[in-house]
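Asks: Before anything else, here's the structure in question.
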Amino acid sequence: MRVLMFGWEFPPYNSGGLGVACSGLARALAKENVDILFVLPKHIDVSEPSIRFLFAGLEHLQFKGVNTGLQPYRTASEYSRFRALSENDLYGDNLFSEVLRYASLVPQLIDGETFDVIHAHDWLSFPAGIEAKRITGKPLIVHVHATGFDQGGGAHADRRVWRIEKEGMEEADMIIAVSEYTKRMIVLHYGISPEKIHVVYNGVDADLHTGTPSARVVSPLKLKVPGYKIVLYVGRLTLQKGPDYFLRAAALVLKHNPKTFFIIAGSGDMERQMIRLAAELSISANVFFAGFVRGGELERLYRSADLFVLPSVSEPFGITPLESLIADTPVLISKQSGVSEVVSHALKVDFWDIEEMANKIISVLRYPPLKHELSREGKNDALRLTWERAAAKCVMLYRTLLAMIQT
Amino acid sequence: MLSVCAYFHVHQPYRIKRYRIFDIGNDHEYFNDSSETDLNNRRVLAKVAGKSYVPTNEVLLGLLKKHPEFRFAFSFSGVLLDQLESDFPDVLDSFKRLIATGRVEVLADTYHHSLAFFYSPKEFKRQIQLHSETIWRLFRVRPHVLRNTELSYRNDLAKWAEEYGFEGIMAEGWDHYLGWRSPNFLYRPKDCQKIKVLLKNYRLSDDIAFRFSERSFKGWPVTAEKFAHWVNAHHGTGETINLFMDYETFGEHQWEDSGIFHFLRALPGELMKHPETMFRTPTETVRALHTVGEFDVPHILTWADTERDLSAWVSNDIQRSAITELYALEENVLRTKNEKLIEDWRRLQTSDHFYYMCTKWFADGDVHKYFNPYASPYDAYIAFMNALNDLKLRIKTRIPARRRTPAVV
Numbered sequence: 002m003r004v005l006m007f008g009w010e011f012p013p014y015n016s017g018g019l020g021v022a023c024s025g026l027a028r029a030l031a032k033e034n035v036d037i038l039f040v041l042p043k044h045i046d047v048s049e050p051s052i053r054f055l056f057a058g059l060e061h062l063q064f065k066g067v068n069t070g071l072q073p074y075r076t077a078s079e080y081s082r083f084r085a086l087s088e089n090d091l092y093g094d095n096l097f098s099e100v101l102r103y104a105s106l107v108p109q110l111i112d113g114e115t116f117d118v119i120h121a122h123d124w125l126s127f128p129a130g131i132e133a134k135r136i137t138g139k140p141l142i143v144h145v146h147a148t149g150f151d152q153g154g155g156a157h158a159d160r161r162v163w164r165i166e167k168e169g170m171e172e173a174d175m176i177i178a179v180s181e182y183t184k185r186m187i188v189l190h191y192g193i194s195p196e197k198i199h200v201v202y203n204g205v206d207a208d209l210h211t212g213t214p215s216a217r218v219v220s221p222l223k224l225k226v227p228g229y230k231i232v233l234y235v236g237r238l239t240l241q242k243g244p245d246y247f248l249r250a251a252a253l254v255l256k257h258n259p260k261t262f263f264i265i266a267g268s269g270d271m272e273r274q275m276i277r278l279a280a281e282l283s284i285s286a287n288v289f290f291a292g293f294v295r296g297g298e299l300e301r302l303y304r305s306a307d308l309f310v311l312p313s314v315s316e317p318f319g320i321t322p323l324e325s326l327i328a329d330t331p332v333l334i335s336k337q338s339g340v341s342e343v344v345s346h347a348l349k350v351d352f353w354d355i356e357e358m359a360n361k362i363i364s365v366l367r368y369p370p371l372k373h374e375l376s377r378e379g380k381n382d383a384l385r386l387t388w389e390r391a392a393a394k395c396v397m398l399y400r401t402l403l404a405m406i407q408t
Numbered sequence: 316m317l318s319v320c321a322y323f324h325v326h327q328p329y330r331i332k333r334y335r336i337f338d339i340g341n342d343h344e345y346f347n348d349s350s351e352t353d354l355n356n357r358r359v360l361a362k363v364a365g366k367s368y369v370p371t372n373e374v375l376l377g378l379l380k381k382h383p384e385f386r387f388a389f390s391f392s393g394v395l396l397d398q399l400e401s402d403f404p405d406v407l408d409s410f411k412r413l414i415a416t417g418r419v420e421v422l423a424d425t426y427h428h429s430l431a432f433f434y435s436p437k438e439f440k441r442q443i444q445l446h447s448e449t450i451w452r453l454f455r456v457r458p459h460v461l462r463n464t465e466l467s468y469r470n471d472l473a474k475w476a477e478e479y480g481f482e483g484i485m486a487e488g489w490d491h492y493l494g495w496r497s498p499n500f501l502y503r504p505k506d507c508q509k510i511k512v513l514l515k516n517y518r519l520s521d522d523i524a525f526r527f528s529e530r531s532f533k534g535w536p537v538t539a540e541k542f543a544h545w546v547n548a549h550h551g552t553g554e555t556i557n558l559f560m561d562y563e564t565f566g567e568h569q570w571e572d573s574g575i576f577h578f579l580r581a582l583p584g585e586l587m588k589h590p591e592t593m594f595r596t597p598t599e600t601v602r603a604l605h606t607v608g609e610f611d612v613p614h615i616l617t618w619a620d621t622e623r624d625l626s627a628w629v630s631n632d633i634q635r636s637a638i639t640e641l642y643a644l645e646e647n648v649l650r651t652k653n654e655k656l657i658e659d660w661r662r663l664q665t666s667d668h669f670y671y672m673c674t675k676w677f678a679d680g681d682v683h684k685y686f687n688p689y690a691s692p693y694d695a696y697i698a699f700m701n702a703l704n705d706l707k708l709r710i711k712t713r714i715p716a717r718r719r720t721p722a723v724v
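Listed in order, the protein sequences are those of chains A and B.
Be aware that the first sequence starts at 2, since it is given in the working numbering, and climbs by one per residue.
Be aware that the second sequence starts at 316, since it is given in the working numbering, and climbs by one per residue.
Listed below in structure tokens is the structure:
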């Protein structure tokens, strides 16, 4: 079985979940004896012997975290803002033209390659996937890690993104969604028949992709002072991720538990707004903005925290809570997330219910048995969510798809 | 002769509302949820009474009139009786009518449906006494046979019951302790001289309580005729068939459309088609039958799950910490002499609160989830601990610090 896979980013050149998911899934598929031809828009140095990479040659494309050392640009508006600030504006008007150029490079890229299935991750690579299908007639799977509606905070999507997503979903022979939550969105907002959509939950690497065993000793954070508790947020600072709800809950928590620190790890277009909000709420002294953090540093944050909070307004899946659980820190997650479908041993809350969020944060900080039970049992939940499991399901879907096409 | 001895357990807890951290120190009402959820105790009881208690009482009253030989027993929790008395007096009256026939026995129980025996024997005794007084006040009868919360049982409980003066005690007829022996006889609890233990025939009881409408059950559909045949097959190999089940079996766990009422209406007649089958209440049973051997239970035995232990209530850290902290308050709570405060502390002892915190098969969405009014065991724990911390504050304001024992800090 050989699969032509289209992606947009790949660790360590990734901004967040999409790259992590693509790499986790591709590596696990390789272990299942699937040949992966992984196409990326531009050349990067990846050391992953089990996967063969093809690079489209969009060498000017700037990956988040590389040139700026800062923010990702998963949303078109973020990208435009970023591009407006960028000096070396040498190519394409915007992200959309990059996406289309990516597709236009497909014919020469796959010339001479053979494969059975095309698998494209997220809208950025859907046009490339459609192009590959058009040329070869091979079946196309589009894998939806997020929709424009998630990035728009649940109710709205960029029209242009929506159009590309919808075309990809319609052209695809099969759709993989990362959660039932996302599947419902695809049915509701894109008019796709539910029979065409299959849910494959993401996994998490037990070594947190730091390449080091999780049992290693991580030096504690300086903020880890006796008597003080740490509550952690990890994610981009965008409308979708709900950092503002986190800060408002923090203000409530501090009224009752003044000895609490809140760490916000991540950057994004709401960063300045969040710093201002912390000041308005008069909680700046207890809130720390750590910027974009990855690898060992991120693991250190996870391990230092007493509780991890995912306050997302709309989260298709959400790998970070699983990473936190692997690092032995319990999680409070938004009910508006895919990950809440697979983790039982977590506290759950509607993102807008700030009082309940604060109630649960304080409960974990005050009642140690709650923290211990949640972290111990939650870790077991997370460890069950392996990429191997996700890969096995994908292989099953590839076979189903090929059998469907033969008949 | 083969006697059929049935008791129905009637209990509804005072569930704790979604009591938040912010309520501590401000709101001292833990059980007054008024939402449209299953945390609203009044709403739940209205539903259960309408679907189960009222129609089943009616069926049983009819049966008592029709069959002069028919008799059975109830075990009520005090907290259920409290709720009936304050909100549903008509339903309570229908129970009174049944008991007034003289053929319906009432068992002794803990007032607050608590696991107090295993945490505070003194408190346990107080709850048994409170319960007996209430049973006398409402029904004018005195219990002679003890049934402990969740059918929990151990050698020392039987010993305690004997010394207290009970003639009989209930337990699960669990194979692990019976070995090759049958639950269909009376046994003498280890180290006891007079008291007799009645063992639940869990197979026949559960054929009704759990499997009645289960189509995959090989005995389905369970008809009165078929069930009477199963019971009567024990003539010669047993003396009493003890059928113990939750009263909500009728109409709530097994819905009316399953035919459960039809079954109940027909059962006594079918059973008595065998001339040697008769009905006895638990007290009549212990007075009529001799024991055939010793029942030795060194570890806690309950009705629940495949383990038949207390693990559904106190197996994880949150359950254990919650119940331990609760009982640690005993001395200080009682010292306040504040009736409302003491009653709230006791209502928090109801075993259901700890059951809701069970994470054993949480992920599988099984029976524990079905009976859980909270979205998760953790939500149950948070509400409980917040209420408990408010209770601690109330104790503080009532007892000067130097007179408090260290449990309240």
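Every residue gets a Cβ at the ideal spot worked out from N, C-alpha and C, and that includes glycine.
Remember, predicted model here, so these are calculated numbers, not experimental data.
With the cut-off set at 7 Å, would you say residue 195 of chain A and residue 243 of chain A are in Cβ contact?
Replies: Translated into the one-based positions of the first sequence, residue 195 of chain A becomes position 194. Translated into the one-based positions of the first sequence, residue 243 of chain A becomes position 242. Contact flag unset, no.
Asks: Kindly list, in the order they appear in chain A, the residues whose Cβ is closer than 9 Å to that of residue 696 of chain B.
Replies: As a position in the second sequence, residue 696 of chain B is number 381, starting the count at 1. The contacting residues are 364, 368, 370, 371 and 374.
Asks: In angstroms with no decimal places, state the Cα-to-Cα distance between residue 250 of chain A and residue 294 of chain A.
Replies: The count along the first sequence starts at 1 and reaches residue 250 of chain A at position 249. The count along the first sequence starts at 1 and reaches residue 294 of chain A at position 293. Their Cα atoms are separated by approximately 23 Å.
Asks: So residue 631 of chain B contacts chain A; which residues on that side make the cut at Cβ distance below 7 Å?
Replies: Numbered from 1 along the second sequence, position 316 holds the residue referred to as residue 631 of chain B. What residue 631 of chain B touches in chain A: 374.
Asks: Taking 7 Å as the CB-CB cut-off, is residue 348 of chain A touching chain B?
Replies: For this step, residue 348 of chain A is matched to residue 347 along the first sequence. So yes, residue 348 of chain A belongs to the interface.
Asks: Measure the C-alpha to C-alpha separation of residue 346 of chain A and residue 226 of chain A and round it to an integer number of angstroms.
Replies: Against the first sequence, residue 346 of chain A aligns to sequence position 345. Against the first sequence, residue 226 of chain A aligns to sequence position 225. Those two C-alpha atoms are separated by around 27 Å.
Asks: Would residue 524 of chain B and residue 564 of chain B qualify as a contact pair, given that the criterion is a beta-carbon distance under 7 Å?
Replies: Locating residue 524 of chain B in the second sequence gives position 209, where the first residue counts as 1. Locating residue 564 of chain B in the second sequence gives position 249, where the first residue counts as 1. A contact, by the Cβ cut-off of 7 Å.
Asks: Using alpha carbons as the reference points, say which of A/364, A/303, A/246 and A/169 lies closest to residue 198 of chain A.
Replies: One-based indexing of the first sequence puts residue 198 of chain A at position 197. For residue 198 of chain A, the nearest C-alpha among the options comes from A/169.
Asks: In terms of residues, what are the limits of the beta strand (DSSP E) holding residue 292 of chain A?
Replies: For the purposes of this step, residue 292 of chain A is identified with residue 291 of the first sequence, where counting begins at 1. Segment 288-292, the beta strand (DSSP E) holding residue 292 of chain A.
Asks: May I ask you to report which of helix, strand or coil DSSP gives residue 3 of chain A?
Replies: For this step, residue 3 of chain A is matched to residue 2 along the first sequence. If DSSP states are grouped into helix, strand and coil, residue 3 of chain A belongs with the strands.
Asks: Please compile the residues from chain A whose C-beta is within a distance smaller than 9 Å of the C-beta of residue 669 of chain B.
Replies: Taking the second sequence and counting its residues from 1, one reaches residue 669 of chain B at position 354. Residues of chain A passing the Cβ test: none, with the nearest at roughly 13 Å.
Asks: Give me the residue from B/486, B/510 and B/457 with the minimum Cα distance to residue 421 of chain B.
Replies: Counted from its first residue, the second sequence places residue 421 of chain B at position 106. Of the candidates B/486, B/510 and B/457, the one whose C-alpha sits nearest the C-alpha of residue 421 of chain B is B/457.
Asks: Is residue 639 of chain B closer than 7 Å to residue 428 of chain B when the C-beta atoms are compared?
Replies: Residue 428 of chain B sits at position 113 when you count from the first residue of the second sequence. Residue 639 of chain B sits at position 324 when you count from the first residue of the second sequence. No, the Cβ-Cβ distance between residue 428 of chain B and residue 639 of chain B is not below 7 Å.
Asks: Compare the C-beta of residue 287 of chain A against all C-beta atoms of chain B and say whether one is closer than 7 Å.
Replies: Within the first sequence, residue 287 of chain A is the residue found at index 286, counting from 1. Judged by the 7 Å Cβ criterion, residue 287 of chain A is not in contact with chain B.
Asks: Measure the C-alpha to C-alpha separation of residue 574 of chain B and residue 532 of chain B and round it to an integer number of angstroms.
Replies: As a first step, residue 574 of chain B is located in the second sequence; it is residue number 259 there, counting from the start. As a first step, residue 532 of chain B is located in the second sequence; it is residue number 217 there, counting from the start. So the two alpha carbons sit approximately 16 Å from each other.
Asks: Does the region 198-207 of chain A come within contact of the region 258-268 of chain A, defined as at least 3 CB pairs closer than 8 Å?
Replies: With a cut-off of 8 Å, the region 258-268 of chain A and the region 198-207 of chain A do not count as touching, because too few Cβ pairs lie within range.
Asks: To test your reading of the DSSP string, which unbroken beta strand (DSSP E) runs of 3 or more residues are found completely within the region 92-139 of chain A?
Replies: The region 92-139 of chain A contains these whole beta strand (DSSP E) runs: 118-122.
Asks: Report the start-end ranges of each alpha helix (DSSP H) in the region 613-669 of chain B that is 4 residues or longer and not cut off at the edges.
Replies: Within the region 613-669 of chain B, the complete alpha helix (DSSP H) runs of at least 4 residues are 626-629, 632-643, 645-651 and 654-662.
Asks: Could you tell me which residues DSSP puts in a beta bridge with residue 504 of chain B?
Replies: Sequence index remark: in the second sequence, residue 504 of chain B carries index 189 (1-based). Answer is B/610, bridged to residue 504 of chain B.
Asks: With distances taken Cα to Cα, identify the nearest neighbour of residue 460 of chain B among B/494, B/485 and B/547.
Replies: Locating residue 460 of chain B in the second sequence gives position 145, where the first residue counts as 1. For residue 460 of chain B, the nearest C-alpha among the options comes from B/485.
Asks: Listing by chain order, which chain A residues have their CB less than 9 Å from the CB of residue 674 of chain B?
Replies: On the second sequence, residue 674 of chain B is found 359 positions in, with the first residue counted as 1. Within chain A, the residues near residue 674 of chain B are 345, 346, 374 and 378.
Asks: Just curious, the alpha helix (DSSP H) that residue 372 of chain B is in, first and last residue?
Replies: Looking up residue 372 of chain B in the second sequence gives position 57. Its alpha helix (DSSP H) spans residues 369-381.
Asks: Would you call residue 692 of chain B buried or exposed, if buried means 16 or more other Cβ atoms sit within 10 Å of its Cβ?
Replies: Locating residue 692 of chain B in the second sequence gives position 377, counting from the first residue. Residue 692 of chain B should be labelled buried.
Asks: Any beta-carbon of chain B closer than 7 Å to the one on residue 360 of chain A?
Replies: On the first sequence, residue 360 of chain A is found 359 positions in, with the first residue counted as 1. Yes - at least one Cβ of chain B is within 7 Å of the one on residue 360 of chain A.
Asks: Let's test the definition: count the other Cβ atoms within 10 Å of the Cβ of residue 407 of chain A and tell me whether it reaches 16, buried, or not, exposed.
Replies: Sequence index remark: in the first sequence, residue 407 of chain A carries index 406 (1-based). Result: exposed.
Asks: Using a Cβ cut-off of 9 Å, pull out every chain A residue sitting near residue 643 of chain B, in sequence order please.
Replies: Start at 1 with the first residue of the second sequence, and residue 643 of chain B comes out as number 328. Per Cβ cutoff of 9 Å: no residues; residue 643 of chain B is ~14 Å from chain A at best.
Asks: At least one CB of chain A closer than 7 Å to the CB of residue 336 of chain B: is that the case?
Replies: On the second sequence, residue 336 of chain B is found 21 positions in, with the first residue counted as 1. So yes, residue 336 of chain B belongs to the interface.
Asks: Is it the case that the CB of residue 256 of chain A approaches a heavy atom of the ligand SAM more closely than 6 Å?
Replies: Absent from the structure shown: the ligand SAM. Ligands present: none.
Asks: Report yes if the CB atom of residue 607 of chain B is closer than 7 Å to the CB atom of residue 481 of chain B, and no otherwise.
Replies: Taking the second sequence and counting its residues from 1, the one referred to as residue 607 of chain B is at position 292. Taking the second sequence and counting its residues from 1, the one referred to as residue 481 of chain B is at position 166. Cβ atoms of residue 607 of chain B and residue 481 of chain B: not closer than 7 Å.
Asks: Hey, would you say residue 332 of chain A sits closer than 7 Å to residue 317 of chain A, going by beta carbons?
Replies: Numbered from 1 along the first sequence, position 331 holds the residue referred to as residue 332 of chain A. Numbered from 1 along the first sequence, position 316 holds the residue referred to as residue 317 of chain A. It is not a contact, given that the beta carbons lie outside the stated cut-off.
Asks: Looking only at its own chain, which residues have a Cβ that is under 7 Å from the Cβ of residue 645 of chain B, when we skip the five neighbours before and after it?
Replies: What you label residue 645 of chain B is simply residue 330 of the second sequence in a count that begins at 1. For residue 645 of chain B, where only same-chain residues beyond five positions count, the Cβ hits under 7 Å are 435 and 438.
Asks: Beta-carbon within less than 6 Å of residue 252 of chain A's beta-carbon, same chain only, minus the 5 sequence neighbours each way: which residues are those?
Replies: Residue 252 of chain A sits at position 251 when you count from the first residue of the first sequence. For residue 252 of chain A, where only same-chain residues beyond five positions count, the Cβ hits under 6 Å are 282 and 284.
Asks: Is it the case that the Cβ atoms of residue 178 of chain A and residue 145 of chain A are separated by a distance below 7 Å?
Replies: For the purposes of this step, residue 178 of chain A is taken as residue 177 along the first sequence, with counting starting at 1. For the purposes of this step, residue 145 of chain A is taken as residue 144 along the first sequence, with counting starting at 1. Contact flag set, yes.
Asks: Taking C-alpha atoms, which residue in B/623, B/552, B/584 and B/550 lies nearest to residue 539 of chain B?
Replies: In the second sequence, residue 539 of chain B corresponds to position 224, counting from 1. When only C-alpha atoms are compared, the closest one is B/584.
Asks: Rounded to the nearest angstrom, what separates residue 404 of chain B and residue 398 of chain B at their Cα positions?
Replies: Translated into positions along the second sequence, residue 404 of chain B becomes position 89. Translated into positions along the second sequence, residue 398 of chain B becomes position 83. When rounded, the distance between both Cα atoms is 9 Å.
Asks: Of the residues B/376, B/387 and B/341, which one's Cα is nearest the Cα of residue 597 of chain B?
Replies: Here residue 597 of chain B refers to the residue found at position 282 of the second sequence. For the residues B/376, B/387 and B/341, the minimum Cα distance to residue 597 of chain B belongs to B/387.
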